[in-house]
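See below for the structure under consideration.
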Amino acid sequence: MTGRAMRAVFAGVLVLAVWPMAARAQVDEDSGDAVVVDMPEPDRGCPVKPEFLPMTPMGLVGIERLGWLVHQAIIPPAKDKFFQAGARSRSGVKPVPAEMARKLGAPDTKVPLWVFGKADAKACKATPTEWWAVRMGTDEDRQTYLMAEVAVDCELLPPGRLSGTPIALRQKEEPTGCRLRRPNRHQTGKDSDGLPPDYAEHVPPQDCASPECVRVWEYFGVTGEDSAGAFDLTVSYLHRNGSNPCNWATDDMSKLFVRQPESLSLQELKPGGVLFGGLWDFSGLRFILSRQMGMFYAYDYQQVTAPKPKMTPRTVRYGSPTEEDLIHAKRSLSPCKK
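Right, here's the structure in full:
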């Protein structure tokens, strides 16, 4: 072996030792010298123990513009200098100086936020720009929440349907290869259509005889290529009383389910919540995401489908339900429009 060739081999070994993941050495065909070629970083996938930060529309808390706020912390009453005396009995929103945010529980901004927005889009980096103290809830349960307005490096859907709600993840490394999928399955039916058998076994029998009573149902779900996924089912029994649907009594139920790959059976998830997506990576479905009355739930797919399933989801409280939230909390397929 010539001296030049030996030097090239040695250089190649040295480069591989120094840059094992980000680059590799190749020998230039013309000069015989080693050159460094950049290699793409391997997908990290979704984190094993993620730190989720739910997001809330700005308009929902009283900030009159489109956009999203990221949940930061619950401000303890002893540290709440923004809502004092009579102001504590009302909802409201006030700006928080940046230098105070960390003392009130905001996470260290040195650890980046990664936001999942549109369906199948990769996470993009988000940077807090302003902080807000948000007072919300009823007389029985009213608290002050610290939220951050953020600038994001990608386009998010405007506030509207729950299925467009983004979610933030806090971690040092970019979660490459981890993607948010939105609901991609939907079906509705009346009693004459019959519930699909895999759902019917989870619905208790009801005394509902037509035409005085009719059963209607709807499900939507998010699935991957192997059919693994999650499904949200609502069933309503409408007891007809005259021509005005708003005078009809209803019996309603909603359930959240998980389905394993190539399986025909469904497994109920509790406490449930309204499904708004799932996180997938190269290993398949990782987390099922839902919301319910100011609570965010993330179900670990591997845990809930294990031989000895662990059903408790990761939970974050990001808001207190208002009186209006409580009035509209019941999920129903009633045709009444008020």
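Each residue of the sequence shown is one higher than the last, beginning at 825 in this note's numbering. Virtual Cβ for every residue (Gly too), placed ideally from N, Cα, C. Computed from a predicted model, the values in this text were never measured in an experiment.
Just grab the DSSP bridge partners of G941 for me. In the DSSP output, where bridge partners are listed per residue, G941 has none listed.
Beta-carbon gap between Y1061 and Q1030 smaller than 8 Å: yes
For V935, does the count of other Cβ atoms within 10 angstroms reach 16, so buried, or fall short, so exposed? exposed
How many angstroms separate the CA atom of S824 from the CA atom of V976? Any question about residue 824 goes unanswered here, given that the chain covers just 825 to 1162.
Could you tell me the distance, in whole angstroms, from the CA atom of T1139 to the CA atom of K918? One C-alpha to the other measures close to 26 Å.
When the Cβ atoms of the segment 939-952 are set against those of the segment 994-1011, are three or more pairs found closer than 8 Å? yes
How big is the Cα-Cα spacing for M879 and D1017? 38 Å
Proximity below 8 Å, CB of L970 to CB of G916: no
Would you say D1076 and R966 are within 8 Å of each other, going by their C-beta atoms? no
Nonlocal neighbours in the same chain, by C-beta distance under 7 Å from Q1084, ignoring five residues either side: Contacts found: A1052 and T1129.
Using 10 angstroms around the beta-carbon of R914, count the other beta-carbons present and answer buried if the total reaches 16, otherwise exposed. exposed
How about F1111 and G1102: are their beta carbons less than 8 Å apart? yes
Residue from D1105, S1158, L1150 and P1145 with nearest C-alpha to V872: D1105
Can you have a look at M845 and say buried or exposed, based on whether 16 or more other CB atoms are within 10 angstroms of its CB? Because M845 carries a pLDDT of 44, less than 50, the predicted location of this residue cannot be relied on, and no value is offered for it.
Could you spell out the range, first to last residue, of the beta strand (DSSP E) harbouring G1101? G1101 -> beta strand (DSSP E) spans V1098 to D1105.
Endpoints, the beta strand (DSSP E) within which I1151 is located: Where I1151 is concerned, there is no enclosing beta strand (DSSP E), although the alpha helix (DSSP H) it sits in stretches over E1147 to I1151.
Pick helix, strand or coil for Y969, following the three-state DSSP scheme. strand
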